[in-house]
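Asker:
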Amino acid sequence: MNMRVPQLRFEPADELAALCKAGGDPLRLNVLRALCNDSFGVLELAQIFATGQSGMSHHLKVLAQAGLVATRREGNAIFYRRALAPAERLGRLLHSALLDEVDNLELPADVQTRIAAVHGQRAAASQDFFSRMAENFRAQQDLIAGLPQYRDSVLALLDALGFAADATALEVGPGDGGFLPELARRFAHVTALDNSPAMLELARMRCEQESLGNVELLLADALNEDSERLAADCVVLNMVLHHLAAPADALKQLAQRVKPGGSLLITELCRHNQSWAREACGDLWLGFEQDDLAHWATAAGLVSGESLYIGLRNGFQIQVRHFQRAPGSPDPSAAVTLPTT
Ligand SMILES: C[S@@+](CC[C@H](N)C(=O)[O-])C[C@H]1O[C@@H](n2cnc3c(N)ncnc32)[C@H](O)[C@@H]1O
1 MNMRVPQLRF EPADELAALC KAGGDPLRLN VLRALCNDSF GVLELAQIFA TGQSGMSHHL
61 KVLAQAGLVA TRREGNAIFY RRALAPAERL GRLLHSALLD EVDNLELPAD VQTRIAAVHG
121 QRAAASQDFF SRMAENFRAQ QDLIAGLPQY RDSVLALLDA LGFAADATAL EVGPGDGGFL
181 PELARRFAHV TALDNSPAML ELARMRCEQE SLGNVELLLA DALNEDSERL AADCVVLNMV
241 LHHLAAPADA LKQLAQRVKP GGSLLITELC RHNQSWAREA CGDLWLGFEQ DDLAHWATAA
301 GLVSGESLYI GLRNGFQIQV RHFQRAPGSP DPSAAVTLPT T
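Just so we're aligned: 229 in the UniProt record's numbering is position 229 of the sequence shown, and the numbers increase by one with no gaps anywhere.
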C-alpha cells in the first residue's frame, strides 16, 4: 500500500523558536545589551563577559541564527552588531520588543568596566598611531583622502548653513590644522581639540603661520572633555569618527556639544573593504554605512540635513553629512540652577 506521508512545514515556527531560544539565556541578553550602541569582536566579547572564546562563539552563533546579530568584517576581524528587525518576516515584533526590553537592562558594573577597558585599548592604538605618524601626516592621509579632496564640499555645506556673525565652532581632531583657517574666517571663535600632542603641535604651528587669533587649541580626548564648556554652534569632524573607539556613543556625546539650532558636520569615508587602511592609516573602522550615521545621529537627538557624496579615483567614497540640533532643545552650555528650599 502506498501511504502518503503528510508534508508538515515548520519553517515560520522554526524562526520564532530560534528567536525564543536566543532570548532564553541571560548571558545572550546581556551580549545584546552590550551591542546596543556598539560592535565588538568575539575576543572582545569574551573579555567583556569574562568567558571563554568558544563559549562566546556558541552564543553568538545562536544569536546570529535567530537574526538578532549580524557580522561585519573590519580587516581580518569580524565584528558583531545588532541586526535590525526584518521588515516582513514573522518574529519582527518579537525581535523589536526583545531589543527594547533588553535596553532596559543595566549591565553589571564589572561588565561596564571591561567595556571601558576594550574602548581604552582601541583608543590607545589610535593615539599611538598619531603620535608616531605626525611627521608623515599629510602623505599618510593622502593614501586615502586628503583635505583638498573634501575641503570644498565641507565649505559648500558650511556656507549654505549661514551662521550668525557671533557663532562659534568646535573642530574635533583638527590634525595638522589644515581646516582651521577656513573655520577661523567664518566663526567668531573656534576651539580645536585633539588628543595627540604631536598633531596638536602641527595645528599650533599652522595657527601661528596664519596668525589665527581666534582659535583656541585644546589637548583633550573628544570623549572625555566636559561637554558644557565646549558647546558650539557648529561642531566639525573631518575624518575623525573612524578613529574613535565607539562611534555611536561618540555621536551621542558630540551631539551634546551642539547648541540648540546648531549643526554637526561630519566628513567620513563610506563603508569600504580596503583593510590595509587599518595598518597604514590607523583606522579603527573601515568607513561607515550612510544609514548607520543617520541612525546614530537620530538616536543622539539630531535631525538629518543635507548630504554630499564625493567619489575618489582610488575607489573610496566620502560622505559629508549635516545633522542639526532642534532649535528648542535644551542648551548644553546653559547653567543648570537647582531650586533652593
Ligand atoms: C585622520 S586625522 C584627521 C585630521 C583632519 N581633521 C583632516 O581632515 O585632515 C584624525 C585626527 O583625529 C585625532 N583624534 C583621534 N581620536 C581622537 C579623540 N578621541 N579625541 C580627540 N582627537 C582625536 C587624531 O589625533 C588626528 O589628529
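Quick reminder that beta carbons are idealized off the backbone N, C-alpha and C, glycines included.
Please state the DSSP three-state secondary structure of residue 26.
Answerer: Three-state result, residue 26: helix.
Asker: Go ahead and pull the three-state DSSP assignment for residue 229.
Answerer: The answer is coil: DSSP assigns residue 229 none of H, G, I, E or B.
Asker: Strictly closer than 5 Å from CB to any heavy atom of ligand 1: give me those residues in the order they appear in the chain.
Answerer: Those residues, listed in chain order, are 130, 147, 173, 175, 194, 195, 196, 199, 221, 222, 238, 239, 240 and 243.
Asker: Out of 97, 211 and 285, which one is the CA nearest neighbour of residue 75?
Answerer: Comparing Cα-Cα distances from residue 75 to each of 97, 211 and 285, the minimum goes to 285.
Asker: Which residues in the same chain as residue 277 place their Cβ atom closer than 7 Å to its Cβ, once the five residues preceding and following it in sequence are excluded?
Answerer: Contacts found: 144, 283 and 286.
Asker: Tell me, to the nearest whole angstrom, how far the beta carbon of residue 179 is from that of residue 151; I am working on the premise that it is less than 8 Å.
Answerer: Indeed, because the Cβ distance is near 7 Å, the residues count as touching under 8 Å.
Asker: DSSP puts residue 238 in a beta bridge; with which residues?
Answerer: In DSSP, residue 238 forms a bridge with 267.
Asker: With distances taken from CA atoms, which of 219, 327 and 124 is nearest residue 192?
Answerer: Comparing Cα positions, the closest option is 219.
Asker: Shortest alpha-carbon distance to residue 55 belongs to which of 106, 200, 28 and 71?
Answerer: Considering only alpha carbons, the answer is 28.
Asker: Is the Cβ-Cβ distance between residue 82 and residue 36 less than 8 Å?
Answerer: Yes, Cβ-Cβ distance for residue 82 and residue 36 is below 8 Å.
Asker: Determine the closest residue to residue 297 out of 274, 22 and 263, with distance taken between C-alpha atoms.
Answerer: Closest option to residue 297, Cα to Cα, is 263.
Asker: Going straight from the alpha carbon of residue 293 to that of residue 248, what length do you get?
Answerer: About 8 Å.
Asker: For ligand 2, I want to know if residue 260 counts as a neighbour, meaning its beta carbon is within less than 7 Å of at least one of the ligand's heavy atoms.
Answerer: With respect to small molecules bound, the structure shown includes ligand 1 and not ligand 2.
Asker: Nearest to residue 327 by alpha carbon, out of 33, 266, 233 and 320?
Answerer: Closest by alpha carbon: 233.
Asker: To the nearest angstrom, how far is it from the Cα of residue 64 to the Cα of residue 161?
Answerer: Residue 64 and residue 161: Cα-Cα distance of roughly 43 Å.
Asker: Give me whichever residues DSSP pairs with residue 318 in a beta bridge.
Answerer: According to DSSP, which records beta bridges pairwise, residue 318 is partnered with 269 and 310.
Asker: If we count the other Cβ atoms within 10 Å of its Cβ and call it buried at 16 or more, is residue 80 buried or exposed?
Answerer: The residue is buried, with at least 16 neighbouring Cβ atoms inside 10 Å.
Asker: Short check: CB of residue 62 to CB of residue 116, under 8 Å?
Answerer: The answer is no: Cβ separation not under 8 Å.
Asker: May I ask which residues mark the beginning and end of the alpha helix (DSSP H) holding residue 297?
Answerer: Run containing residue 297: 290 to 299, per the alpha helix (DSSP H) assignment.
Asker: Please report the straight-line C-alpha distance between residue 340 and residue 46, rounded to a whole angstrom.
Answerer: Only weak support exists for where residue 340 lies, its pLDDT of 36 falling under 50; the coordinates are left without a value.
Asker: Per DSSP, what kind of secondary structure is residue 257 in: helix, strand or coil?
Answerer: Coil.
Asker: Determine the burial state of residue 113: buried for a count of at least 16 other Cβ atoms within 10 Å of its Cβ, exposed for fewer.
Answerer: Exposed, because fewer than 16 other Cβ atoms sit within 10 Å of the Cβ of residue 113.
Asker: Return the chain-ordered list of same chain residues with a C-beta closer than 8 Å to the C-beta of residue 156, the five sequence neighbours on each side being excluded.
Answerer: Excluding sequence neighbours, residue 156 sits near 308.
Asker: Which complete beta strand (DSSP E) runs does the segment 70 to 139 hold, if anything under 3 residues is left out?
Answerer: Whole beta strand (DSSP E) segments, 3+ residues: 77 to 82.
Asker: How about residue 200 and residue 181: are their beta carbons less than 8 Å apart?
Answerer: No, Cβ-Cβ distance for residue 200 and residue 181 is not below 8 Å.
Asker: Are the CB atoms of residue 183 and residue 343 within a distance shorter than 8 Å?
Answerer: Outside the shown range of the chain (1 to 341) lies residue 343, about which nothing can therefore be said.
Asker: For my contact list, residue 222 and residue 255 are in at a C-beta cut-off of 8 Å; report their separation, rounded to the angstrom.
Answerer: Contact doesn't hold; Cβ gap of about 12 Å is too wide.
Asker: If I'm right that residue 172 touches residue 240 with Cβ under 8 Å, what's the distance once you round it to whole angstroms?
Answerer: Indeed they touch by this definition, with Cβ atoms about 6 Å apart.
Asker: May I ask which residues mark the beginning and end of the alpha helix (DSSP H) holding residue 159?
Answerer: 147 to 161 is the span of the alpha helix (DSSP H), which, as asked, contains residue 159.
Asker: When the Cα atoms are used, what is the spatial distance from residue 288 to residue 271?
Answerer: About 4 Å.
Asker: Would you mind sorting residue 336 into buried or exposed? The rule is 16 or more other CB atoms within 10 Å of its CB.
Answerer: Below a pLDDT of 50, predicted positions are generally treated as unreliable, and residue 336, at 41, falls in that range; the measurement from the model is reported next regardless. So residue 336 ends up on the exposed side.
Asker: Give the single residue among 106, 230 and 195 whose Cα lies nearest to the Cα of residue 189.
Answerer: Closest option to residue 189, Cα to Cα, is 230.
Asker: Below 8 Å on the Cβ atoms is my contact criterion, and I expect residue 19 with residue 66 to pass it. Report the Cβ-Cβ distance as a whole number of Å.
Answerer: Right, the Cβ-Cβ distance comes to about 5 Å (below 8 Å), so this counts as a contact.
Asker: Compare the beta carbon distance of residue 323 and residue 302 with 8 Å and say whether it is the shorter of the two.
Answerer: Yes, Cβ-Cβ distance for residue 323 and residue 302 is below 8 Å.
Asker: How is residue 274 classed by DSSP in three states: helix, strand or coil?
Answerer: Three-state DSSP puts residue 274 in coil, outside helix and strand.
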